[in-house]
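One structure below.
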Amino acid sequence: EATGKSGYDHYMLKEINEQPDALRQCLSGRLDELEGTIEIEELSDLPAPGSVHLVACGTSYHAAMYAATLLREAGVPAAAHLASEYATAPAPLAEDTLVVGISQSGETADTLTALREARARGARTLAVTNQVSSTAARECDDVVYIRAGPEIGVAATKTFSSQLVASLLLVEDLVDVVDDLDPLIEALRDLPGAVQEVLDTTDAREVAAEISGSDAFFFIGRGGQFPVALEGALKCKEISYEHAEGFAAGELKHGPLALVTSETPVFAIVTGDGERARKTISNIKEVEARDAPVVVVTDGRSEAARYADLVLEIPDTHPLTAPVLANVQLQLVSYHLANDLGRPIDKPRNLAKSVTVE
Ligand code: G6P
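By full-length UniProt numbering, the letter at position 186 of the sequence shown is numbered 438, and the numbering carries on one by one without gaps.
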């Protein structure tokens, strides 16, 4: 087993460290820098959808939320649905609605049921998956492989990063998300290196040591960083067994703020220097006023770090790729927190890698 872990203490840490390679695989042959195009070959005859429903569970649902945000930014009506809910309370379909199932394993029962339900109602379906020839891949009309390689740790890490990037490629291939594609292509080309830089320079271990005495953690973000806040919290609860919740930064004041005290560290993801950053900084100030320790994950483009007790830096990148980098920092914090607490990181209690029952 030690060989399988390539010298790492856990598969999870190995897989976190495999992310630069996994992303290279995901991007391979899909960026054309000379032509300035992004193309997923296997989708060549898929028409641009009029609207998109994304169905998924767990970590994959957070990737679905990110994809839905991208689609809406491109002007396409889109929503992420929890597959277990969609299966019994499906959203209305139009003739040109595409239903996308995101599933690492391609075998999650809830996601398969949601996709079958959509197909039975006449929708075209597409699977975004890591597993070649999985049930989702076989049953859907189209498939996009994320090519992350095998993931053994129950908590999804590299497959989430690859789902984000594959979703970005997919959406850009189907509809135009950005007016100027060149900076995005450049950012995607540089993304594996930027992830490597986070892995090489991270202070996540020190941050985890500082906060490990707490037993509740909150994560906030906006836009593309909202699903990363949810994922940060999910990873934290899955492997550390500590209470963790993620919120859209703007929702904090509508309830969760009642839980914020000097004992509850708040992770705030602030990238870019636009309106979202400005508003999230206001939320950080609200949290600070309650004496909560604030950990800011930032690219340094705003003044967010000034209001932080602890800072996790990420390289400056395109706004659409920044969620991938912020998430790597949060993966590492959860890993070190769980490790400091002596948890069985690769096999958390009560959880399975792939859940094949509804
Ligand atoms: C299980 C795993 C999660 C995963 C979810 C969806 O609950 O423990 O880590 O995110 O299933 O899995 P999928 O294979 O559909 O992405």
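Built from N, CA and C at the ideal position, the CB exists for glycine as well. Remember, it's a predicted structure, so these values are computed and weren't measured experimentally.
- Task: If I'm right that residue 618 touches F519 with Cβ under 8 Å, what's the distance once you round it to whole angstroms?
- Result: Here the chain covers residues 253 to 610 and nothing more, so residue 618 does not appear.
inquiry  = So, for L345: in the same chain, excluding its five sequence neighbours on each side, which residues have a beta-carbon less than 8 Å away from its beta-carbon?
reply    = H305, V351, A370, R373, G374 and A375, listed in sequence order.
Through-space distance from P402 to A254, alpha-carbon basis
Annotation note: pLDDT 47 at A254 (below 50); position unreliable, coordinate value reported separately. If you draw a straight line from the Cα of A254 to the Cα of P402, it is about 16 Å long.
Taking the alpha-carbon positions, what's the A331 to A320 distance? 5 Å
Could you please give me the residues that DSSP links to L436 through a beta bridge?
In DSSP, L436 forms no bridge with anything.
- Run the proximity test for L440: is its beta-carbon closer than 7 Å to any non-hydrogen atom belonging to ligand 1? Not under cutoff, so the answer is no.
Under 8 Å: do the region 547–563 and the region 453–465 share three or more Cβ pairs, one atom per stretch? Counting Cβ pairs under 8 Å, three or more are found: they touch.
In whole angstroms, give me the CA-to-CA distance for I521 and E359.
32 Å
How far does the alpha helix (DSSP H) with G484 in it reach, from first residue to last?
F478 to S492
- Which residues in the same chain have their Cβ closer than 7 Å to the Cβ of R595, if we skip the five residues on either side of it in sequence? I491, S492 and Y493
Under the three-state DSSP convention, the category E610 falls into = coil
request  = Counting only the same chain and skipping the five closest in sequence on each side, list residues whose C-beta sits under 7 Å from that of A300.
outcome  = Leaving aside the five residues that flank A300 on each side, the residues in its chain whose CB is nearer than 7 Å to its CB run, in chain order, L426 and V427.
Closest by C-alpha distance to D434, when choosing among K257, T289 and V328: The residue from K257, T289 and V328 with its alpha-carbon nearest to that of D434 is T289.
Open item on the list: Quick check on the burial criterion: 16 or more other C-beta atoms within 10 angstroms. Buried or exposed for P600?
Closed with: buried
Contact defined as beta carbons within less than 8 Å: I believe Y263 pairs with I404. What is the distance between those atoms, to the nearest angstrom?
About 4 Å separates the two Cβ atoms, so the contact holds.
Report task. Would you kindly check if the distance between the Cβ of F470 and the Cβ of P508 is under 8 Å? Result -> yes
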